[in-house]
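Sequence positions in the sequence shown follow mature numbering (1 follows the signal peptide of the UniProt record, and there is no 0) and run -29 to -1, 1 to 211.
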Amino acid sequence: MLKNITRPPISKLLLISTAALLLSGCSQKITSVNDTVRLAVQGSADIHKSAYTVAALPYASTYVRIDNQAQLFMVLALAESATGETITNASSKTSPPQLKWLASDNGMLVTQSGRIIKTVNLSAGNLLATQSQTPDPLALGLHLASTPTTWQHTIDWQPGYHIGYQLDSQFVFEQPEVLTINGNSVPVLRFREDVTVKQLDRHYSNTFWVDQTTGKVVKSQQYLAPSLPSVEMTILKPFG
């Protein structure tokens, strides 16, 4: 759990206007994937989708819960390379793609190898950027004995002027489990990521459940930044 941190209450993801999407250059890319965002479903209570509904959608999808707020259903609108090139198939990527998940109100989470690396328009604040000189162990596969168990990266977030804070991570294997996701039993390995932010003398932990065979993250509970909320993601239908 996040220690010694007071987090402001948050509501669900807020609106990003169509104009903002146009200004950011996203509109053409969203059109190229058939306006995926229109398929996200809005609601004030927990949203649950049947296995049939999830399978019928031609898009990757995920459940998202921010702190103790209502569960959201989000769909994948864009998959891009680090340089902004649109990726249409997971097998065509040369590096882990950046996946842009949109809610019904156009709020956005951006993930890479299961880690949230950026957010847009959360009421409590946003993770602006994530940088590292070395590969994220999540990208290498925590299920492999060869994968490093330590990692360093920096993040920027708001509100406030929080730029270039270094995070030191230690990954610890906890136990095997079987999750039920979208009606299917998924054997996973649960890992804890202990994070230290020395500049602030803060410590917190993230949890990642990875597929025992592929090492891909199928569920996670992760804090966006030391003073930002936690986000739980459960992948219903993966990209590719």
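Glycine residues also receive a C-beta, built at the ideal position from the N, C-alpha and C atoms.
Subject >> Straight-line Cα distance separating A116 from V149 >> reply: As a first step, residue 149 is located in the sequence shown; it is residue number 178 there, counting from the start. As a first step, residue 116 is located in the sequence shown; it is residue number 145 there, counting from the start. Looking at the two C-alpha atoms, the distance is approximately 21 Å.
Original post:
Rounded C-beta distance between A200 and A95? I'm assuming under 8 Å.
Top reply: On the sequence shown, residue 200 is found 229 positions in, with the first residue counted as 1. On the sequence shown, residue 95 is found 124 positions in, with the first residue counted as 1. Reading off the sequence, residue 200 comes out as Pro, not Ala. With 8 Å as the limit, P200 and A95 qualify as a contact, their Cβ atoms being about 6 Å apart.
Original post:
Among residues of its own chain, excluding the 5 on either side of M204, which ones have a beta-carbon nearer than 6 Å to its beta-carbon?
Top reply: By one-based count along the sequence shown, residue 204 stands at place 233. Excluding sequence positions up to five before and after M204, its CB lies within less than 6 Å of the CB of T33, V35 and S191, all in the same chain and listed in chain order.
Original post:
Would the beta-carbon of N97 fall within 7 Å of that of Q69?
Top reply: In the sequence shown, counting from the first residue as 1, residue 97 sits at position 126. In the sequence shown, counting from the first residue as 1, residue 69 sits at position 98. Not closer than 7 Å, so no.
**OP:** Would you list the residues sitting across from A27 in a DSSP beta bridge?
**Re:** Walking along the sequence shown from the start, residue 27 turns up at place 56. Answer by DSSP bridge pairing: none, since A27 is not bridged.
Original post:
Terminal residues of the continuous beta strand (DSSP E) containing P119?
Top reply: For this step, residue 119 is matched to residue 148 along the sequence shown. Following the DSSP letters along the chain, one finds P119 in no beta strand (DSSP E), marked with neither H nor E.
Original post:
Around the Cβ of T82, are there at least 16 other Cβ atoms within 10 angstroms (buried) or fewer (exposed)?
Top reply: Taking the first residue of the sequence shown as position 1, residue 82 is located at position 111. With 16 or more other Cβ atoms within 10 Å, it is buried.
Original post:
With distances taken from CA atoms, which of T101, T105 and H19 is nearest T118?
Top reply: Counting from 1 along the sequence shown, the entry for residue 118 is found at position 147. Selection T101, T105 and H19 evaluated against T118 yields T105 as nearest (Cα-Cα).
Original post:
Which partner residues of D127 appear in the DSSP bridge assignment?
Top reply: Here residue 127 refers to the residue found at position 156 when the sequence shown is read from its first residue. Paired residue(s): A100.
Original post:
Quick one: is Q193 buried, meaning 16 or more other Cβ sit within 10 Å of its Cβ, or exposed?
Top reply: For the purposes of this step, residue 193 is taken as the residue at position 222 of the sequence shown. With 16 or more other Cβ atoms within 10 Å, it is buried.
**OP:** Have a look at Y23, V166 and S75 and flag the residue whose alpha-carbon is nearest the alpha-carbon of A48.
**Re:** The residue labelled residue 48 in the question sits at position 77 within the sequence shown. Considering only Y23, V166 and S75, the residue with the shortest C-alpha distance to A48 is S75.
Original post:
How long is the line joining the alpha carbons of V12 and D38, rounded to whole angstroms?
Top reply: For the purposes of this step, residue 12 is taken as residue 41 along the sequence shown, with counting starting at 1. For the purposes of this step, residue 38 is taken as residue 67 along the sequence shown, with counting starting at 1. Interpretation of V12 is limited by its pLDDT of 40, a score under 50 that renders its predicted location unreliable; the figure taken from the coordinates is listed afterwards. Roughly 19 Å between the two C-alpha positions.
**OP:** Please go through the stretch 168 to 210 and give each complete alpha helix (DSSP H) segment of 4 or more residues, from N-terminal end onward.
**Re:** Inside the stretch 168 to 210, DSSP marks no whole alpha helix (DSSP H) run of 4 or more residues.
Original post:
If you run the structure through DSSP and keep just helix, strand and coil, what is A50?
Top reply: Position 79 of the sequence shown holds residue 50. The answer is strand: DSSP assigns A50 an E or B state.
Original post:
For the alpha helix (DSSP H) that contains L109, what are its first and last residues?
Top reply: Position 138 of the sequence shown, counted from the start, is the residue given in the question as residue 109. Where L109 is concerned, the enclosing alpha helix (DSSP H) stretches over P108 to L111.
**OP:** Determine the burial state of S87: buried for a count of at least 16 other Cβ atoms within 10 Å of its Cβ, exposed for fewer.
**Re:** As a position in the sequence shown, residue 87 is number 116, starting the count at 1. Residue identity differs from the one stated: residue 87 is Ile in this sequence, not Ser. Buried, by the Cβ-count rule.
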